[in-house]
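Heads up: the structure comes next, in structure tokens.
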Amino acid sequence: MSLELLLIIAFGGAIVTYLLGKISCRIREGFAVLISLSLVVMIACLYGENGTESIYFHFLGLPLIMRTNMLSWFFAMAVSALGALSVIFSLNYMKNRERTDFYYLMLLMVNASMLGIIFSGDLISFFIFWEMMSWSTFLLISYNRGPAVAAGLKYIIMSIIGSMAMLVGVLSLYATYETLNMATLAELIGSASSGYLLFLLIIFSIAFAIKNALMPLHTWLPAAYAEAPTPFNGVLSGMLTRMGMYGFLLIMYVIVGATRALNLGSGLFKFHYILAWLGAITIVIPTFIAILQDDAKKLLAWSAVGQGGYMIVGIAVGTNLGLSGGIFHTLNHAIYIVLLFMCVGAIQYRTGGERDLNSLGGFIKKMPFTFIGTLLGISGLVGIPLTNGFVSKWLIYKTLILEGYPFLAFAALIGTWGCILYCYKFIHHIFLGQLPGKYQNVQKAPFSMLLPMIILSFAILFFGILPGIPLKIIDTIGTSFGFKSMNVTIWGIASETGTLNTINIFAAVLIVSIIAWLMLKIGPKAVSVAQEDTYAAGAAIPKDKYHYTVDFYNPLYRMITPYLKDFIDAFYMKFAHWIQSLCNGTRRVYTGYVGNYVMYIVLFLALLIFIRLKWSL
Amino acid sequence: MQMIEMILSPLLALIIGIFFLGLSRKIMARIQWRYGPPITQPVIDVIRLFSQKSVSHGKLFNLGIIFSLAGSLVLVLFLPLAQICPLSGSGGMLVILYMMLLAPLGIALSGGESANPNTSIGISRKFILALGYEVPLLLILLALMTHYKTISIVHIVSIQQNTGWAFVSLPLLLSGIAYVLILPAILGIRPFEVVQASQEISSGPMAEYGGPFLALATIQHALSLFIGIALFVNLFLGGAGNLLIFFLKMLVVFVLVLFVNAALPRLRIEQAVKYLWRWPTLLAFIGMIIVLIVRR
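The structure is reproduced here in structure tokens:
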């Protein structure tokens, strides 16, 4: 299978979808699903292939190269599969909205450019696809006008800063080595001084950290996630943000190389060690901010920032377990965050766009499948044993503890405990508690929304109970970076310092649950009562909505709120404001009167003459 | 052999846990100059509850309590009881840490479906309290795992049996003291009895349970009591060579904790969290730094 053909289908499919939309909505939707599914199949066929091909030779005198290996296959598979599910989910959600042709064009375009990034074999095509991705994402984030435009602008400004940093790096590499082919660079870079390598890593890290929302460069993410159309949130949070992770892997382990990247700097100030600490900060602070959120999508957005920290910590520690944990967590996080955003999307679809947690509640009886999806999603997010999130977090914790980074491990673990608070808040406020009267007639989510949710729920359990299947692939990636192979079995990891055996846990949980269930069956059958029929120690409970759902963790809020303002965002906004007033001041020079301009010219000439006479140059 | 251990260890945990419940009522009564119920009272209660009527608020209401009890029972399989540890090689301390989540989460999901405000307050308090004591607890456990260079609890116990208790070994002394300070919070007894505070929020998460549900909740409570103390005995008092010594160690710890329970009034949740994030956390933090210095 040729990569060139793959990209042509991906990009061409997007444009054809747009054109078909002018004829009929049905055909357009069918074609969009067909294209995204055929991409999944085509990429699945690439499994195990290693190869490069030049697709175009004379872009500014440089060849554009595509390449495939296990790393690209892994990411491409995730991108295409989640992209296809998001397209299927969009079908009902986007029905009867305006500019849907444009929406599908951009959605498929984002997917196509992500595939382009992943299959790029040289940095110039990487950069081109990177920019295409950033711009099409910007257009999608701003899709719902109003505050969405501001969110989109914030995103694109930060994104451009990142790309400019990357461009500096790319140009400097070209000036030094006269090639941008990744494979060649990886060989040539061995001769570089450590100062130059550090410069390269930092300049590329700026770009990738912005995309991956690493603190303190995360500020675009919460607003962008909250304002983007919900079906696109899947793509945005699942893989697009994690292109930053792909970038980090690329620059640290493919181009610079593991041994060199892990030895830059000295003592506590090693590059990868500082990166890991930034990751740890990214875990803790956003987790606590997420607890404070009352908007379902903002809560998930902050949680996504926090989970990004785990991936960074994982790959920055620089051990085979950490690397595998980081890569595996990227996949796992993508699965459950897409699922959770879909659940929010289903709720929004049925309630007319409601996403304020305080005005929802009691949906468990109305939308049971969505509830099961959410339950599995938050289980994965917390990392409850037998879900996929547990395995990747286990790998990261284990390596942090055994390599002697207990404080990093502490940050990672405390992030998980904070995670339980907001996860429970999320599921409780939407599905448990009292059902508001106006939602008495809410229907189940339509099938085209349930299907992706069911597939993703299944994936969470499948990767949680049989983690060996993806871990084998990840292990191949790790060994290709020069790490020692892990002892992967189908149910986990075998080693002397602590093994993981998910099958044992699964069997034990199953048997014990059956016993507990039988115990409940011994007694007389419980009488089913209405939800309002509760014991309140003599006090009357208001029928529609009791107030304890609002401000659920009130004592905690009072304690932590003063410390958790987004100071970084405030600082950036202040800086932007300052730049704006500076530019406003400069604008005053252009008065629009010809006389003034003539005066400027005369003054300038006078200055030149003065200089000439004074110093007789 | 492993199959027998699989059955034996939850049974033992259940018996000891229920016995502790009875014992606590008796000791509390004697401290307050009352006669108190017979020590078998919890057993009688559980049997009686299984024959009584109950109400259910939905599927999750039933499943949550099963989930919670299952979580506690599985957790017992990961804990070494003297030499018995059926699931020693399946994930170690990290799985135990996560399994400790399941019980409160199950109760929370179950209680959440009944729209009872008392339940809601109780659950909210439980999670805040858990966040409160997990901060020092995680620091303590990480210090322990870093010091012994293993994530397997069986290894931690066996190392202590060769080299002496962690509680009296110098690098881990501060961590041990911090653990003692947070033990009442982990067990959910006074001064940290904010979750079930029966006089305030009518037993919080338990408010809606009756009949078999309450029986399961009581069993779960007994198990969590057992787990909290057994974890401390394993991690800091060196486990034990045989069951009798293990049981005696647990009994001593439990009685001491009961005295604290009898002597102190209940804190408010903010006060509890402030306390947990101050002194125990400080001690655990210093303990961790000491461990790191010793390791270098």
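Keeping their order, the protein sequence lines are chains A and B.
Mapping the first sequence onto the numbering used here, position 524 (from 1) lands on 576, and the numbers just tick up by one.
Mapping the second sequence onto the numbering used here, position 183 (from 1) lands on 1070, and the numbers just tick up by one.
Ideal placement from N, C-alpha and C gives every residue a C-beta, glycine not left out.
Residues sharing a beta bridge with residue i, DSSP
i      : result
A:R402 : A:R402 is not bridged to any residue.
A:G103 : A:T120
A:I482 : Beta-bridge pairing links A:I482 to no other residue.
A:I436 : Its beta-bridge partners do not exist; DSSP assigns none.
B:I971 : B:L968
B:L996 : Looking at the DSSP assignment, B:L996 forms no beta bridge with any residue, so it has no partner.
A:S172 : A:M118
A:D408 : A:D347
B:S943 : A:S580
A:N233 : A:D174
Nearest neighbour of residue i, chosen from the options [CA to CA]
i       : options                               : result
A:H381  : A:L57, A:G290, A:T403 and A:L71       : A:G290
A:K418  : A:N264, A:G485 and A:V654             : A:G485
A:T601  : A:Y476, A:P504 and A:L523             : A:Y476
B:Y1010 : B:Y1020, B:G999, B:Q928 and B:G1019   : Checking the displayed sequence, the identity of residue 1010 of chain B turns out to be Ile instead of Tyr. B:I1010 has its Cα closest to that of B:G999, out of B:Y1020, B:G999, B:Q928 and B:G1019.
B:G1075 : B:L1138, B:E892 and B:F1014           : B:F1014
B:I1027 : B:T1168, B:R1182, B:P1152 and B:V1181 : B:T1168
A:V369  : A:G456, A:R610 and A:S633             : A:G456
A:L391  : A:F510, A:M538, A:I574 and A:D527     : A:F510
A:F462  : B:A1117, B:K940 and B:A1171           : B:A1171
A:A275  : A:N196, A:M161, A:N163 and A:T311     : A:N196
B:Q1086 : B:N1005, B:L950 and B:L962            : B:N1005
B:L1112 : B:T1050, B:A990 and B:K946            : B:A990
B:L1151 : B:L974, B:L947 and B:P1078            : B:P1078
A:E101  : A:A278, A:T120 and A:M94              : A:T120
A:A96   : A:I482, A:W667 and A:S54              : A:S54
A:Y145  : A:T104, A:S106, A:T282 and A:K490     : A:T282
A:S142  : A:E183, A:H270, A:K74 and A:N285      : A:N285
A:Y298  : A:A202, A:I262 and A:R80              : A:I262
B:V1041 : B:F1134, B:F965, B:L947 and B:Q928    : B:F965
A:F340  : A:V357, A:L330, A:W329 and A:A328     : A:V357
A:V131  : A:N233, A:L344 and A:L160             : A:L160
A:L452  : A:I574, A:I367, A:L250 and A:L316     : A:I367
B:Q919  : B:P897, B:L1154, B:A1149 and B:A1159  : B:A1149
A:G520  : A:I555, A:F604, A:Q492 and A:I506     : A:I555
Boundaries of the alpha helix (DSSP H) in which residue i is found, first to last residue
i       : result
B:N1148 : L1130 to A1150
A:K74   : L55 to I75
A:W667  : V646 to W667
B:G1115 : P1099 to F1123
A:P488  : No alpha helix (DSSP H) holds A:P488; DSSP gives it neither H nor E.
B:R1165 : I1156 to R1182
B:S1090 : Premise fails: B:S1090 is in no alpha helix (DSSP H) and is neither H nor E.
B:P925  : Element bounds for B:P925: n/a, residue is neither H nor E.
A:F619  : F619 to R639
A:F275  : Contrary to the premise, residue 275 of chain A reads as Ala rather than Phe in this sequence. It spans W272 to E279 - the alpha helix (DSSP H) in which A:A275 sits, taken as one unbroken run.
A:T613  : A:T613 -> no alpha helix (DSSP H), and no H or E assigned at all.
B:T1006 : P1004 to Y1035
A:E455  : Careful: A:E455 lies outside any alpha helix (DSSP H) and carries neither H nor E.
B:S1062 : L1060 to L1074
A:M505  : F499 to I517
Beta-carbon separation (whole angstroms), residue i vs residue j, contact threshold 8 Å
i       : j       : result
B:E1021 : A:I466  : 7 Å
B:S943  : A:S580  : 5 Å
B:A1127 : B:A969  : 5 Å
A:M185  : A:M295  : 7 Å
A:L523  : A:S431  : That belief does not hold up - the Cβ atoms of A:L523 and A:S431 are roughly 19 Å apart, past 8 Å.
B:V1181 : B:P1058 : 5 Å
A:S444  : A:N384  : 5 Å
Near the ligand HEM: residue i beta-carbon under 7 Å from a heavy atom
i      : result
B:A990 : The ligand content of the structure shown is nil, which means the ligand HEM is not present either.
- Task: Could you please tell me which residues of the region 1060-1072 of chain B, in chain order, have their CB closer than 7 Å to any CB of chain A?
- Result: none
- Output, in sequence order along the chain, the residues in the region 1000-1013 of chain B whose CB is closer than 9 Å to any CB in chain A. E1000, S1001, A1002, N1003, P1004, N1005, T1006, S1007, I1008, I1010, S1011 and R1012
- Output, in sequence order along the chain, the residues in the region 328-356 of chain A whose CB is closer than 8 Å to any CB in chain B. none
- Check each residue of the region 469-494 of chain A: if its Cβ is closer than 7 Å to any Cβ of chain B, include it; give the result in chain order. W469, G470, I472, L473, Y476, H480, L484, G485 and Q486
- Task: Residues of the region 1081-1095 of chain B with a CB closer than 7 Å to any CB of chain A: list them in chain order, please.
- Result: S1089, A1094 and E1095
- Between the region 928-947 of chain B and chain A, which residues of the former have a C-beta closer than 9 Å to a C-beta of the latter? L936, F937, S938, Q939, K940, S941, V942, S943, H944, G945, K946 and L947
- Query: Between the region 1027-1050 of chain B and chain A, which residues of the former have CB atoms less than 9 Å from a CB of the latter, in chain order?
  - Reply: L1028, L1029, A1030, M1032, T1033, K1036, T1037, I1038, S1039 and H1042
- Query: According to a CB-to-CB cut-off of less than 8 Å, which residues of the region 433-444 of chain A neighbour chain B?
  - Reply: V434, G435, I436, P437 and F442
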